[in-house]
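Below is one structure, written out as structure tokens; comments come after it.
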Amino acid sequence: MPLTLTLREKQSTFVQLVAQLIEYATRHGYSMTFGEAYRTPEQAAWNAAHGVGITASLHTKRLAIDLNLFDSEGVYLTKTDAYLLLGIWWEAQSTPDYTCAWGGRFSRPDGNHFSLAHRGIR
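Numbering (this note's numbering), first residue to last: 592 to 713.
What follows is the structure in structure tokens.
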């Protein structure tokens, strides 16, 4: 039977997984910078009202991060397809206790988004 992780336990797991994702990207010739990690509930509500996010964003729970990906020449990669290798790796880290979700699979693809599902939100 799956263990039920608390929010804090999920947050700790998420941080460790993000560190591993960054190491994985580096081993494959990429570099990264942080995009948005924490988002206030007020910002999430504003984003939702303007059609660029959802009110229940996992960024407000510290369970999502947007990462900016650069190739070996330092070129910023903005297209979702550029994140596919990382997205596949991220999703493969899911266990019976938690689900790793990649924004490249969202109905409105968001390739630089990596999250840990919580209460049905990915």
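Quick reminder that beta carbons are idealized off the backbone N, C-alpha and C, glycines included.
*Under 9 Å, do phenylalanine 705 and alanine 639 count as touching if we go by C-beta distance?*
no
*alpha helix (DSSP H) runs wholly inside the region 628-676, at least 4 long, in chain order*: 632-640
*Would you please state the rounded distance, in angstroms, between the beta carbons of leucine 660 and leucine 668? I believe it to be under 8 Å.*
5 Å
*Alpha carbon to alpha carbon, what distance is there between threonine 597 and alanine 673?*
33 Å
_Among the candidates Pro700, Asp701, Glu682, Arg699, whose CA atom is the shortest distance from the CA of leucine 707?_
Glu682
*My understanding is that glutamate 628 touches threonine 651, with C-beta atoms under 8 Å, so please give their C-beta distance in whole angstroms.*
In the sequence as displayed, the identity of residue 628 is alanine instead of glutamate. That pair is no contact at about 11 Å.
_DSSP bridge partner residues for serine 603 (one or two, in chain order)_ = Answer is none; serine 603 lacks a bridge partner.
*Taking the alpha-carbon positions, what's the serine 603 to serine 685 distance?*
15 Å
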